[in-house]
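Line by line, the protein sequences are chains F and R.
Numbering-wise, the working numbering puts 301 at position 219 of the first sequence, and it's gapless, one number per residue.
Numbering-wise, the working numbering puts 281 at position 280 of the second sequence, and it's gapless, one number per residue.
A short write-up of the structure that comes next.
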Amino acid sequence: MLNQHKRPGESLDGGQAAGLLATMWRIRLFEERVGQLARSGDIDGLVHLSIGQEGVAAAVCSQLRDDDHVYSGHRAHGHAIAKGASLERVMAELMGRDTGLCRGLGGSMHLVDVEHGFMGATGVVGGTVPIALGSALAARLRGTDAVAVVFFGDGAVQAGHFNETINLATLWRLPLVLVCENNGFAEFTPRSAHTVVERVSDVVAPYGLERSTVDGNDVPAVWDAFGSYLASARSGAGPFLLECLTHRVRGHYEGDPGRYRDSMAEAEWKEKDPILRLERHGMAAGWYGEDELRTIGEAAAAAVEDAVRFGLESPFPPSALLEAAVYADG
Amino acid sequence: MAETTTIAAINRTLVDAMRADERVIVLGEDVAEGGPYTATAGLVEEFGVERVINTPISEAAITGVAIGAAQAGLRPVLEIMFVDFLTLALDQLVNAAAKAHFMSGGQLTVPLVVRTQGGAGHRGAAQHSQSLESWLTHVPGLKVVMPSCAADAAGLLASAIADPNPVVFVECKSLYFRREEMPDDPVPVPIGDAAVLRGGRDVTVVAVSRLVHEALAAAERLAAEDGIEVEVIDPRTLVPLDLATIVGSVERTGALVVAHEAVLHGGFGAELAARVQGAAFEFLDAPIARVGAPFTPVPFSAPLEDAYLPGADEIVAAVRGLR
Chain F
83 MLNQHKRPGE
93 SLDGGQAAGL
103 LATMWRIRLF
113 EERVGQLARS
123 GDIDGLVHLS
133 IGQEGVAAAV
143 CSQLRDDDHV
153 YSGHRAHGHA
163 IAKGASLERV
173 MAELMGRDTG
183 LCRGLGGSMH
193 LVDVEHGFMG
203 ATGVVGGTVP
213 IALGSALAAR
223 LRGTDAVAVV
233 FFGDGAVQAG
243 HFNETINLAT
253 LWRLPLVLVC
263 ENNGFAEFTP
273 RSAHTVVERV
283 SDVVAPYGLE
293 RSTVDGNDVP
303 AVWDAFGSYL
313 ASARSGAGPF
323 LLECLTHRVR
333 GHYEGDPGRY
343 RDSMAEAEWK
353 EKDPILRLER
363 HGMAAGWYGE
373 DELRTIGEAA
383 AAAVEDAVRF
393 GLESPFPPSA
403 LLEAAVYADG
Chain R
2 MAETTTIAAI
12 NRTLVDAMRA
22 DERVIVLGED
32 VAEGGPYTAT
42 AGLVEEFGVE
52 RVINTPISEA
62 AITGVAIGAA
72 QAGLRPVLEI
82 MFVDFLTLAL
92 DQLVNAAAKA
102 HFMSGGQLTV
112 PLVVRTQGGA
122 GHRGAAQHSQ
132 SLESWLTHVP
142 GLKVVMPSCA
152 ADAAGLLASA
162 IADPNPVVFV
172 ECKSLYFRRE
182 EMPDDPVPVP
192 IGDAAVLRGG
202 RDVTVVAVSR
212 LVHEALAAAE
222 RLAAEDGIEV
232 EVIDPRTLVP
242 LDLATIVGSV
252 ERTGALVVAH
262 EAVLHGGFGA
272 ELAARVQGAA
282 FEFLDAPIAR
292 VGAPFTPVPF
302 SAPLEDAYLP
312 GADEIVAAVR
322 GLR
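Below, the structure is given as structure tokens:
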């Protein structure tokens, strides 16, 4: 059942690659600005950045429809943006403003954008894994071909609710794609100190679900592997698990002590950076040249600056919102 | 009117809700077998395994599944077989279900009902007998319902299923098979309305779940033996709480006893007492008295459990102690 994608990237074309680069640059530049704004005090609270992991978010979410529900964990800015959330409203949410996606009531770890099918992030590691399965159950019962996708880190795999959900998902054969971003660290601790099972795809092996491990910084490979699972899930099969080996450039959260690991050498990272790799890959394939790449990067930078301006100029929510927001009317 | 039981009323309400709305599904451990008390008996025969879903013993995950299904447009009724096992589901219930509407700025709703049951008196020992409702009332975003009779169980369960918010519906195993009269057609009971079950001018007794029947028995004795006229109020829902009905009664009687089976320490009676003294302090002629279980786990041994359980005797003593 372990899938081998022998010719990774064969299904990605130049137009799609350019679109993925645009998404990845938007996430990268957005999060670099978020890091600055957290240090300057314009963004409060716990901020978990996904710099280095953008390839997974872009390659997965770009293939989904608005009615495909995506759930995520605490490192979710990239997933929300890739699923279609506006940079302005994500930035405003991180700044606690009334114009934010969640009117400033959720913050960085609890982004939700129902309009685009981004159904929620969570500050509880692994907490959205069973919830995503519930969305897949609803799709099955309502007779739609919508697919549910949940992003989680390798740290979630050791939690009880993850293992309970794998059991249920395989028992019920629901159209859920589990996407693990294995960056090798659960918060401050390397995976090897938490479990003897190195690969997440091996943890779920006894359940017999279709699963694979890919280089998560190889965007065409992620695109292909996820695309084939998505097509199967769309036709009602499932569940599937895609493990993407990736690298978290920043700490667990902005301002963490960072003493627990060595930073990767700059030259080595340039080889691995999913954005630079896809740029090189597409230039070699003749999909785009340096001018097109510069345009993509500049457009992303301008959109991020617009988002920062939008957030800083937005009002904070009124205190009267608080009690009114607890219960739904009806 | 027809004779029925609380368990039959719950079963019929589930059937009616599933017939009326195909978004309503039932899931939980052994629900397709009817569950240990027959609450879901016969459902799978009429609605099939797609809508009456047996689950493994995985309370955390099945609660998450129910939340996700609710967020995606279904109306799940999740059964947690004993409230004691709700401990395993609390992360999903407290961190996800209760907060989703708020944290999403109103984008998400979680129209979920969690049916569970608690209470002692059946030699179930400390892990199958608890009354844990006060934990739930402490969490903004949850509604907490505790019916004490068949008609209220039916009317409140129908309202809970129709509610767009997560509702924890706490039944009492001791009341399941009590024979009662009930109208042929269930009358809807809105969430958040208390019921005044007996009028009285001297003392207000607010009692919850099984203790409602103990309070009514205590009121009979106090009227016959002491000439004290007790007003008995069943709040029926703890969140939201119909404080106005309770305060209105206390303004007339000038005295309040709060009674529940849960451990007294940190119980919902403490919240109720604080709220009433804040709203009606000048009307109170005596300190508010509380009746509840001692601060110990529920014991197994029969004489110890019988002595542990609060009932009519304790309510009578509390009322007499006000004077």
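Using N, Cα and C, we set each Cβ at its ideal position, and we do this for glycine too.
**Study point:** Helix, strand or coil at E23 of chain R according to DSSP, with G and I counted as helix
**Key:** Note: E23 of chain R maps to coil in three-state DSSP.
**Study point:** Residues that V501 of chain F contacts on chain R, provided the C-beta gap is smaller than 8 Å
**Key:** Examination of residue 501 of chain F is not possible in this model, given that chain F is present from 83 through 412 alone.
Exercise for review: Go ahead and pull the three-state DSSP assignment for Y177 of chain R.
Suggested key: coil
Review point. Which term fits M83 of chain F, buried or exposed, when burial requires 16 or more other beta carbons within 10 angstroms of its beta carbon?
Key: The pLDDT assigned to M83 of chain F is 40, lower than 50, so where the model puts this residue is not dependable; a value taken from the coordinates is nonetheless given after this. Around the beta carbon of M83 of chain F, a 10 Å sphere encloses fewer than 16 other beta carbons of the protein chains shown; the residue is thus reported as exposed.
**Study point:** Interfacial residues, the segment 140-173 of chain R to chain F, with Cβ spacing under 9 Å
**Key:** P141, G142, K144, A163, D164, P165, N166
Review point. Can you tell which of F:G216, F:A406, F:L323, F:T210 has the C-alpha that lies nearest to the C-alpha of L75 of chain R?
Key: F:G216
Practice item. Could you pull out every residue in the same chain whose Cβ sits closer than 7 Å to the Cβ of Q131 of chain R, ignoring the five residues on either side in sequence? Key: Excluding positions up to five away in sequence, the list reads V84, D85, G119, V299.
Review point. Just checking, does the segment 200-218 of chain F make contact with the segment 88-104 of chain R on the three C-beta pairs under 8 Å criterion?
Key: yes
Exercise for review: Mind the definition here: the segment 277-293 of chain F touches the segment 319-333 of chain F only if three or more C-beta pairs lie below 8 Å; say whether that holds.
Suggested key: yes
**Study point:** Contacting positions in the segment 78-98 of chain R - beta carbon closer than 9 Å to chain C
**Key:** In the structure shown, chain C cannot be found, because the protein chains are F and R.
Exercise for review: Could you please give me the residues that DSSP links to N55 of chain R through a beta bridge?
Suggested key: R:G29
Check your understanding: What span of residues does the beta strand (DSSP E) with N245 of chain F cover, start to end?
Key -> Segment 242-254 is the alpha helix (DSSP H) holding N245 of chain F; no beta strand (DSSP E) there.
Review point. Got a sec: is the Cβ-Cβ distance from L128 of chain F to anything in chain R below 9 Å?
Key: Judged by the 9 Å Cβ criterion, L128 of chain F is not in contact with chain R.
Review point. Should F282 of chain R go down as buried or exposed, given a rule of 16 or more other Cβ atoms within 10 Å for buried?
Key: exposed
**Study point:** DSSP-derived helix/strand/coil call for N12 of chain R
**Key:** Helix at N12 of chain R.
Exercise for review: Evaluate the contact criterion for the segment 131-150 of chain R versus the segment 16-28 of chain R: three or more CB pairs, one atom per stretch, below 8 Å.
Suggested key: Touching, no.
Check your understanding: Can you tell me whether H266 of chain R is buried or exposed, with buried defined as 16 or more other CB within 10 angstroms of its CB?
Key -> exposed
Practice item. Determine, using beta carbons only, whether G186 of chain F comes closer than 9 Å to chain R. Key: yes
Practice item. Tell me D235 of chain R's beta-bridge partners as DSSP assigns them. Key: DSSP, once it has assigned bridges, lists R:A196 as partnering D235 of chain R.
**Study point:** With 16 other Cβ atoms within 10 Å as the buried cut-off, status of D95 of chain F
**Key:** exposed
Check your understanding: If you count every other CB in all the chains shown that lies within 10 Å of the CB of Q108 of chain R, and 16 or more means buried, which is it?
Key -> buried
Review point. With a Cβ-Cβ cutoff of 9 Å, do A154 of chain R and V115 of chain R count as a contact?
Key: no
Practice item. For my contact list, V251 of chain R and V231 of chain R are in at a C-beta cut-off of 8 Å; report their separation, rounded to the angstrom. Key: Going by Cβ atoms, the distance from V251 of chain R to V231 of chain R rounds to 13 Å, so no, they are not a contact pair.
Review point. If you scan the segment 108-182 of chain R from start to end, which runs of the alpha helix (DSSP H) of 4 or more residues do you find wholly inside it?
Key: 134-138, 151-163
Practice item. Could you tell me whether the Cβ atoms of A18 of chain R and L113 of chain R are closer together than 9 Å? Key: no
Check your understanding: In terms of residue numbering, what span does the alpha helix (DSSP H) encompassing L79 of chain R cover?
Key -> For L79 of chain R, there is no enclosing alpha helix (DSSP H); the residue is found in the beta strand (DSSP E) stretching over 76-81.
**Study point:** C-alpha distance - H243 of chain F paired with A61 of chain R, whole-angstrom precision
**Key:** CA-to-CA, the gap between H243 of chain F and A61 of chain R works out to about 6 Å.
Review point. Between the Cα of H129 of chain R and the Cα atoms of R:M82, R:A90, R:D164, which residue gives the shortest distance?
Key: R:M82
Check your understanding: Can you tell me the Cα-Cα spacing of T271 of chain F and L258 of chain F, whole angstroms?
Key -> Cα to Cα, T271 of chain F sits roughly 28 Å from L258 of chain F.
Check your understanding: For V320 of chain R, which option in R:A256, R:L91, R:S160 has the closest C-alpha, if you only look at C-alpha atoms?
Key -> In terms of CA proximity to V320 of chain R, R:A256 leads the group R:A256, R:L91, R:S160.
Exercise for review: With DSSP as the reference, please indicate the residues paired to F234 of chain F in a beta bridge.
Suggested key: Answer is F:C262.
Check your understanding: Between T252 of chain F and the rest of its own chain, which residues show a CB-CB distance below 6 Å, the 5 nearest in sequence each way excluded?
Key -> Y289, L291
Check your understanding: Are the CB atoms of G155 of chain F and F233 of chain F nearer to each other than 9 Å?
Key -> yes
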